[in-house]
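S.K.:
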Amino acid sequence: LKNRILLPALSNLHSHSFQRALAGLTEKRLKNNDSFWSWRVLMYHFLEQLSPEQLEAIASQVFMEMLECGYTSVGEFHYVHHQEAGKHYDNIAETSCRIITAAQETGIGLTHLPVFYMQSNLDGSKLSQNQLRFGNNSVQYFRILELARAALSNAPKDYLLGIAPHSLRAVSPEALVEIIEAKTSGPVHIHIAEQLKEVVDFQLKFNARPVEWLLDNTAVDSKWCFIHATHLTSKEIHNSAKSGAVAGLCPITEANLGDGIFDGSGWLLSGGKYGIGSDSNVQISLTEELRLLEYSQRLLKKERNVMSQVPGSVGHALYNDSLVGGAQALGRNSGSITSGNWADLLTLDAESLTFCGCTEDQILDRWIFCGNDSLVREVWSAGRQMVVNGRHIKHSIIEKQYRNVIQEIQKEM
1 LKNRILLPAL SNLHSHSFQR ALAGLTEKRL KNNDSFWSWR VLMYHFLEQL SPEQLEAIAS
61 QVFMEMLECG YTSVGEFHYV HHQEAGKHYD NIAETSCRII TAAQETGIGL THLPVFYMQS
121 NLDGSKLSQN QLRFGNNSVQ YFRILELARA ALSNAPKDYL LGIAPHSLRA VSPEALVEII
181 EAKTSGPVHI HIAEQLKEVV DFQLKFNARP VEWLLDNTAV DSKWCFIHAT HLTSKEIHNS
241 AKSGAVAGLC PITEANLGDG IFDGSGWLLS GGKYGIGSDS NVQISLTEEL RLLEYSQRLL
301 KKERNVMSQV PGSVGHALYN DSLVGGAQAL GRNSGSITSG NWADLLTLDA ESLTFCGCTE
361 DQILDRWIFC GNDSLVREVW SAGRQMVVNG RHIKHSIIEK QYRNVIQEIQ KEM
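Quick note: the sequence shown, position 131, residue 131 per full-length UniProt numbering, numbers continuous.
(1) Do you know how far the Cα of residue 313 is from the Cα of residue 182?
(2) Can you grab the Cα-Cα spacing for the pair residue 138 / residue 174, in whole Å?
(3) Which ranges does the alpha helix (DSSP H) cover as unbroken runs of at least 4 residues, wholly within the segment 86 to 173, from first to last along the chain?
(4) Throw me the rounded Cβ distance for the residue 73 and residue 332 pair, which I believe falls under 8 Å.
(5) Please say whether residue 330 and residue 75 have beta carbons closer to each other than 8 Å?
(6) Count the other CB atoms within 10 Å of the CB of residue 361; is the residue buried (16 or more) or exposed (fewer)?
(7) Hey, could you find the ends of the alpha helix (DSSP H) residue 311 is sitting in?
(8) Please return the same chain residues whose Cβ sits closer than 6 Å to the Cβ of residue 254, not counting the five positions on each side in sequence.
(9) I'd like the span of the beta strand (DSSP E) that includes residue 75, first residue to last.
(10) Tell me where the beta strand (DSSP E) around residue 347 begins and ends.
(11) Is the beta carbon of residue 86 closer than 8 Å to that of residue 132?
(12) Would you kindly work out how many angstroms separate the C-alpha atoms of residue 267 and residue 102, rounded to a whole number?
(13) Once DSSP output is grouped into helix, strand and coil, what is the label at residue 228?
(14) According to DSSP, what are the bridge partners of residue 392?
(15) According to DSSP, is residue 378 helix, strand or coil?
(16) Can you give me the Cβ contacts of residue 83 inside the same chain, cut-off strictly under 8 Å, excluding the 5 residues immediately before and after it?
(17) For the segment 173 to 207, list the beta strand (DSSP E) runs that are entirely contained and at least 3 residues long, ordered along the chain.
(18) Taking the Cβ atom as the reference point for each residue, do residue 81 and residue 161 lie within a distance shorter than 8 Å?
(19) Considering residue 14, what are the terminal residues of the alpha helix (DSSP H) in which it resides?
(20) With distances taken Cα to Cα, identify the nearest neighbour of residue 15 among 26, 61, 411 and 221.
(21) Bridge partners for residue 275 per DSSP, in chain order?
(22) Classify residue 6 as helix, strand or coil using the three-state DSSP reduction.
(23) Have a look at 222, 230, 158 and 215 and flag the residue whose alpha-carbon is nearest the alpha-carbon of residue 191.
(24) On the three-pair Cβ rule with 8 Å, is the segment 368 to 379 touching the segment 343 to 355?
(25) From this set, 252, 93 and 58, which residue's C-alpha is nearest residue 278's C-alpha?
(26) Compare the Cα-Cα distances from residue 338 to each of 4, 3 and 8 and report the closest residue.
(27) Could you have a look at residue 238 and say whether DSSP puts it in helix, strand or coil?
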């Protein structure tokens, strides 16, 4: 490791890998109030013809890009379960198996999170035609979990299974309780309070805000991850942090969709843990996620160096907090170079001008605020070396497969 800087590597706690193929296709203004909801319509249209083979190739590309930028594991929040119009594959967990195969092909660590999606809205309305690929009842969902668990039994030992009720919009309160009570020991991830409309609609129906209701009606603990948690009151922030749940922050996607800005300083003051995820994968960049997280807080607070509660390196605080929170959210024994942990490691190019003359305490500040992901040179996931001199060992073949899929999709769209 001559001329290298060795670091423990981060987990990417939230990904919808298939959305990578949509990157750059939704940046055209269509009307005066483009939003998350108009973006979702375009995403549904894109999904109409996506095959399991294409899904696997896209996931392989995404997981490879994650490794090359320094992530060593991923929480794949996977909800494309069925064929068009909701017809089941012969193996109802076919697409879950494709995700697991893609992870094994690339060598990334995986916490697989099959998503439970049962209704179109809070009123219990049926899924729209465009949502039928996601939909299951609880019996079908438990079968997907069973088959995914069987597939994971033949995967590397660091691969885990969790559950993911999509959101309080897409899962009824009764069904949410049912799947939580039947869950395995793995993590529980849920989208929550991402959109103001979601918060207002929920409050009108249940006389409580989404996070408030969840904390009052379920046994939220340290195995939970609240994805986004953008629109919270100070009381919700305090009680969420106290529960031990991790906030799953996705700064690039949240900015891309215009979601809003998470109250980072309030969360830290309450003792909350957080990690980062690439979500829609519109841009896969570890450094940019961390940089944007801090810069968004500066814009919100009109202050500098917000995401550190003590004097010292903000880069170190961002990186270390994301290490700890990401590992917890994925149920992964990582987050530090410690005996008994998985060897999730990366190296940076110590000869880069980015690090010229810097002290040890300045390394992470230089990398996050002045550098980029190209400074990552080697990456190991659970001891598997998958990146050598900045390039994944299967880069060419995985990229070729992805190019072919994108060309196929563009012809069909």
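Don't be surprised by glycine CBs; every beta carbon is placed ideally from N, CA and C. Given the structure is predicted, the values throughout are model-derived calculations rather than measurements.
M.R.: To lay it out plainly:
(1) C-alpha separation (whole angstroms): 43 Å.
(2) Distance between the alpha carbons of residue 138 and residue 174 is about 11 Å.
(3) Complete alpha helix (DSSP H) runs here, min 4: 94 to 106 and 138 to 152.
(4) Indeed, because the Cβ distance is near 6 Å, the residues count as touching under 8 Å.
(5) Against a cut-off of 8 Å, the Cβ pair of residue 330 and residue 75 comes out as a contact.
(6) Taking a 10 Å sphere around the C-beta of residue 361, we find fewer than 16 other C-beta atoms and assign the residue as exposed.
(7) It is not in any alpha helix (DSSP H) - residue 311 carries neither H nor E in the DSSP assignment.
(8) So no residue of the chain qualifies.
(9) Residue 75 -> beta strand (DSSP E) spans 71 to 78.
(10) First-last of the beta strand (DSSP E) with residue 347: 345 to 349.
(11) In contact: residue 132 and residue 86 (Cβ atoms closer than 8 Å).
(12) Whole-angstrom Cα-Cα distance: 35 Å.
(13) It is a strand residue.
(14) Here residue 392 is bridged, per DSSP, to 387.
(15) In this structure, residue 378 counts as strand in the three-state DSSP scheme.
(16) Counting only Cβ-Cβ distances below 8 Å, and skipping sequence neighbours, we find 89 and 133.
(17) Listed in chain order, they are 188 to 192.
(18) Cβ atoms of residue 81 and residue 161: not closer than 8 Å.
(19) Following the DSSP letters along the chain, one finds residue 14 in no alpha helix (DSSP H) but inside the beta strand (DSSP E) bounded by residues 10 to 15.
(20) In this structure, 61 is the residue among 26, 61, 411 and 221 with its C-alpha nearest to the C-alpha of residue 15.
(21) Beta-bridge pairing links residue 275 to 248.
(22) In this structure, residue 6 counts as strand in the three-state DSSP scheme.
(23) The shortest C-alpha separation from residue 191 is found at 230.
(24) Touching, yes, given that three or more Cβ pairs across the two stretches are closer than 8 Å.
(25) For the set 252, 93 and 58, the Cα lying nearest the Cα of residue 278 is the one of 252.
(26) Selection 4, 3 and 8 evaluated against residue 338 yields 8 as nearest (Cα-Cα).
(27) Of the three classes helix, strand and coil, the one that applies to residue 238 here is helix, per DSSP.
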